[in-house]
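Okay, so the sequence shown: first residue is 1 according to UniProt numbering, each after it adds one.
For reference, the structure discussed in these notes is given below.
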Amino acid sequence: MVLVDNSIIVTPTTNISFHEDVFERSMEEDMVCEPSSATTVPEFTVVKSGSQKGKDKLVDANGYTYVKKSSTERKVYWRCSIRTSKHRCGATVIQTMYPDEFVTGKITHNHPSQPGKLHAVIQRKEVSTN
1 MVLVDNSIIV
11 TPTTNISFHE
21 DVFERSMEED
31 MVCEPSSATT
41 VPEFTVVKSG
51 SQKGKDKLVD
61 ANGYTYVKKS
71 STERKVYWRC
81 SIRTSKHRCG
91 ATVIQTMYPD
101 EFVTGKITHN
111 HPSQPGKLHA
121 VIQRKEVSTN
């Protein structure tokens with residue numbers, strides 16, 4: 001210790017030793033390998049009478065909506081509900097009944113999703129039925 005102008009200055013000695021072992025971990029050990037949302041198959045919900053015309057509407061977890069294009073005993077073919085004269089989205093989903101599965105088509109959506117769309121479709125259905 002050295003005293004300069006009534007201040008205490010501590011000078012470390014050169015023979016300080018620490019007995020604690022230092023362990024380093026790689027950041028890769030902490031990373032959880034989860035697939036990105038773009039590669040996972042989204043969950044789908046069929047809302048009975050969910051469309052404006054009272055037809056069934058399919059909504060996925062990403063916020064895309066589909067209307068029924070056609071159906072057979074075992075399959076339902078859904079197409080994206082975005083179909084105006086200026087903007088047509090070609091995305092499709094095939095729903096198999098036994099087992100109940102949804103398979104997305106080869107064409108992807110050409111517009112952004114609308115997060116929270118499932119909630120909006122359910123609310124609109126409740127308002128229109130009351």
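All residues carry an ideal CB built from backbone N, CA and C; glycine is no exception.
{"Asked": "Would you give the residue range spanned by the alpha helix (DSSP H) that Arg124 belongs to?", "Found": "117-129"}
{"Asked": "Using only CA atoms, which one of Ser128, Ile122, Glu126 lies nearest to Gly63?", "Found": "Ile122"}
{"Asked": "Quick one: residues in its chain with C-beta nearer than 8 Å to the C-beta of Val75, no 5 flanking neighbours on either side, listed in chain order?", "Found": "It is worth fixing the name first, because residue 75 is Lys in this sequence and not Val. These residues qualify, in order along the chain: Ile94, Gln95, Thr96, Met97."}
{"Asked": "Short check: CB of Thr84 to CB of Gly105, under 7 Å?", "Found": "no"}
{"Asked": "Is Gly50 buried or exposed, if buried means 16 or more other CB atoms sit within 10 Å of its CB?", "Found": "buried"}
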